[in-house]
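Undergrad:
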Amino acid sequence: MQVTSAGDGGGAMELGDWAERFELLGDPTRLGLLAHMHQAGPGVATVSDLAAATGITRNAASQALRILRDRGWVTAVRDPEDGRVVRYSLADDTVHRILHLMGARHH
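The sequence shown begins at 0 in numbering that gives the first Met the number 0 and counts up one residue at a time.
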């Protein structure tokens, strides 16, 4: 279903996409990971960092990050100095803006 707003130049808002977005954001674990990743900045946070910051296990953090990666909200890059370490970044600009609307800040 699409809704068109007269005030946006006739652009359509896909309600299904927004419902999925809010469903993902509605999970406290995923929202916490996104907020901490946002605060840390691009290419900084590791699974261990994010798990510790949100008070969850590394396994739970990895599972939530997989969902966020699959949705395209997060990117994962191996650390060039230590190939065993993967660093995560927020990749979705809309989610970035939503986090700012919620009061999230970054360095």
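Built from N, CA and C at the ideal position, the CB exists for glycine as well.
Note that the structure is predicted; figures quoted are calculated from it, not measured.
In whole angstroms, give me the CA-to-CA distance for GLY54 and VAL73.
TA: Position 55 of the sequence shown holds residue 54. Position 74 of the sequence shown holds residue 73. Taking the straight line from one Cα to the other gives about 20 Å.
Undergrad: For LEU33 and HIS99, what's the separation of their Cα atoms in angstroms?
TA: Residue numbering aside, residue 33 sits at position 34 when the sequence shown is read from its first letter. Residue numbering aside, residue 99 sits at position 100 when the sequence shown is read from its first letter. Approximately 11 Å between the Cα atoms of the pair.
Undergrad: Quick check: what's the CA-CA separation for LEU67 versus ARG29?
TA: Stepping through the sequence shown from its first residue, residue 67 is reached at position 68. Stepping through the sequence shown from its first residue, residue 29 is reached at position 30. Between LEU67 and ARG29, the C-alpha separation is close to 8 Å.
Undergrad: Please look up how many angstroms separate the CB atoms of ALA50 and THR56, rounded, as I've assumed it's under 8 Å.
TA: The residue labelled residue 50 in the question sits at position 51 within the sequence shown. The residue labelled residue 56 in the question sits at position 57 within the sequence shown. Contact flag correct, Cβ pair sits at about 6 Å.
Undergrad: Near ALA5, what residues of its chain come up, given a Cβ to Cβ distance below 6 Å and the 5 sequence neighbours on each side ignored?
TA: The sequence position of residue 5 within the sequence shown is 6, counting from 1. Summary for ALA5: the model assigns pLDDT 47, below 50, so the residue's position carries little reliability; its value from the coordinates is reported in the next sentence. Hits under 6 Å: none found.
Undergrad: Run the CB neighbour count on LEU14, radius 10 Å, all protein chains shown included, and call it buried at 16 or more, exposed below.
TA: Against the sequence shown, residue 14 aligns to sequence position 15. So LEU14 ends up on the exposed side.
Undergrad: Which two residues bound the contiguous beta strand (DSSP E) that contains VAL85?
TA: Within the sequence shown, numbered from 1, the residue matching residue 85 stands at position 86. Here the beta strand (DSSP E) through VAL85 covers 85 to 89.
Undergrad: Helix, strand or coil, according to DSSP, for ALA60 in the structure here?
TA: As a first step, residue 60 is located in the sequence shown; it is residue number 61 there, counting from the start. Looking at ALA60 - three-state DSSP - the assignment turns out to be helix.
Undergrad: Between the alpha carbons of PHE21 and VAL43, how many angstroms are there, rounded?
TA: Residue 21 sits at position 22 when you count from the first residue of the sequence shown. Residue 43 sits at position 44 when you count from the first residue of the sequence shown. Their Cα atoms are separated by approximately 25 Å.
Undergrad: Please go through the same chain and pick out, in chain order, the residues whose beta-carbon is closer than 6 Å to the beta-carbon of PRO41, but skip the five residues on each side of it.
TA: Reading the sequence shown from its first residue, position 42 is the one you call residue 41. Taken in chain order, the residues that qualify are SER88.
Undergrad: Whose C-beta lies closer than 8 Å to the C-beta of HIS35 among residues of the same chain, with five residues either side of it excluded?
TA: Numbered from 1 along the sequence shown, position 36 holds the residue referred to as residue 35. Closer than 8 Å at the Cβ level, and outside the excluded window around HIS35, lie ALA44, ASP48, LEU49, ALA52, THR53.
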